[in-house]
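Numbering (the UniProt record's numbering), first residue to last: 1 to 275.
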């Protein structure tokens, strides 16, 4: 199996340092954090320069993560999303990254789940069509507290989008935290729809309790939270998936730890499960 360093694990670093970090701690890939990538692009650097650094380190760009707010309804916000898509697709093609992650958040919270799906799918169709021109595909991640979060919702969104360059990233914490899929359901996902896997541990609110800040729920290393991670990984492997796994957390304290120690610990946690 192949493992990618998730750029969220070294949030306050930059993307060139992330390449070195991934290489020196034993990863084969890098999931590129978009805030870092925008800083790089806005500083005037090019995809060609970035690819040269990836190639020199023998690190594969597994995905660019994320284009957010893809549920946008205003013309201004839609223009922003589509412009970002165009720029990131061009960069992704230049560096050889096959996939860009999409996230919808809470702009449509007052609408039904079905309306969320249909309105979001309309934008994603445009995004997917832009990506097709560059040979780029898109993986959807439903944040646990958002309207489109369960595996069933993913399938409904997939049907509504109707594009063959659109699929899923399966994140253990998001799907577990929203109680959005059983292990049996996970094991039966068509592997061709799984573009990447995020291994994330943590906690979740009790049923009926409100969501708290995500950083208060995801501040643990793999294997130190409440998720039965081995069972989840076993279910994922039953699909036949053989792509990249990346470990992720969100926590202010952990971001201030030594990046090398964090990256190594996350990789060791994944290797203990994926075998």
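Glycine is no exception: its CB is placed at the ideal position from the N, C-alpha and C atoms.
Are the CB atoms of residue i and residue j nearer to each other than 7 Å?
i: residue 85; j: residue 137; result: no
i: residue 167; j: residue 139; result: yes
i: residue 204; j: residue 181; result: no
i: residue 65; j: residue 28; result: no
i: residue 103; j: residue 68; result: yes
i: residue 4; j: residue 62; result: yes
i: residue 186; j: residue 241; result: no
i: residue 16; j: residue 53; result: yes
i: residue 244; j: residue 274; result: no
Of the choices the options, whose alpha-carbon is the least far from that of residue i?
i: residue 247; options: 264, 238 and 235; result: 264
i: residue 118; options: 160, 217 and 149; result: 160
i: residue 209; options: 145, 235 and 221; result: 145
i: residue 93; options: 211, 266 and 134; result: 134
i: residue 20; options: 30, 96 and 11; result: 30
i: residue 268; options: 8, 25, 11 and 13; result: 25
i: residue 74; options: 51, 122, 52 and 87; result: 122
i: residue 8; options: 255, 241, 274 and 224; result: 255
i: residue 190; options: 59, 87, 224 and 169; result: 169
i: residue 152; options: 127, 80 and 184; result: 184
i: residue 37; options: 79, 87 and 57; result: 87
i: residue 55; options: 76, 95, 230 and 235; result: 95
i: residue 192; options: 80, 236 and 229; result: 236
i: residue 221; options: 266, 164 and 57; result: 266
i: residue 125; options: 89, 154 and 164; result: 164
i: residue 6; options: 206, 198 and 214; result: 198
i: residue 196; options: 216, 83, 239 and 227; result: 239
i: residue 34; options: 1, 57, 76 and 89; result: 89
i: residue 188; options: 57, 226, 234 and 230; result: 234
i: residue 226; options: 111, 206 and 42; result: 206
i: residue 216; options: 57, 253, 83 and 106; result: 253
i: residue 175; options: 229, 83 and 42; result: 229
Apart from the five residues just before and just after residue i, which ones in its own chain have a Cβ nearer than 7 Å to its Cβ?
i: residue 147; result: 108, 109, 113 and 116
i: residue 218; result: 173, 200, 202, 249, 250 and 251
i: residue 120; result: 70, 71, 104, 148 and 157
i: residue 224; result: 201
Using C-beta distances below 6 Å, list every residue in its chain close to residue i, excluding the 5 sequence neighbours before and after it, in chain order.
i: residue 149; result: 142, 178 and 180
i: residue 232; result: 172
i: residue 262; result: 9
i: residue 78; result: 72
i: residue 154; result: 168
i: residue 50; result: 95
Near residue i, what residues of its chain come up, given a Cβ to Cβ distance below 8 Å and the 5 sequence neighbours on each side ignored?
i: residue 271; result: 3
i: residue 59; result: 19, 22, 23, 27, 28, 29 and 30
i: residue 81; result: 67, 69, 70, 72, 123 and 127
i: residue 111; result: 119 and 147
i: residue 212; result: 205
i: residue 41; result: 87 and 91
Between residue i and residue j, how many whole angstroms is the CB-CB distance? I'm expecting something under 8 Å.
i: residue 290; j: residue 13; result: The question about residue 290 has no answer, for the chain in this structure spans 1 to 275.
i: residue 91; j: residue 44; result: Residue 91 to residue 44, Cβ: 13 Å. No contact.
i: residue 32; j: residue 97; result: 7 Å
Would you say residue i touches the ligand ADP, meaning its beta carbon is less than 6 Å from a heavy atom?
i: residue 93; result: This structure simply doesn't include the ligand ADP, nor any ligand for that matter.
- For the segment 32 to 111, list the beta strand (DSSP E) runs that are entirely contained and at least 3 residues long, ordered along the chain. 60 to 68 and 99 to 103
- Message: My parser needs the alpha helix (DSSP H) runs of 4 or more residues fully inside the segment 199 to 274; what are they?
- Response: 229 to 238, 252 to 255 and 259 to 273
- Only counting runs of 3 or more residues, tell me where the beta strand (DSSP E) segments fall wholly within the segment 137 to 195, in order along the chain. 137 to 140 and 166 to 171
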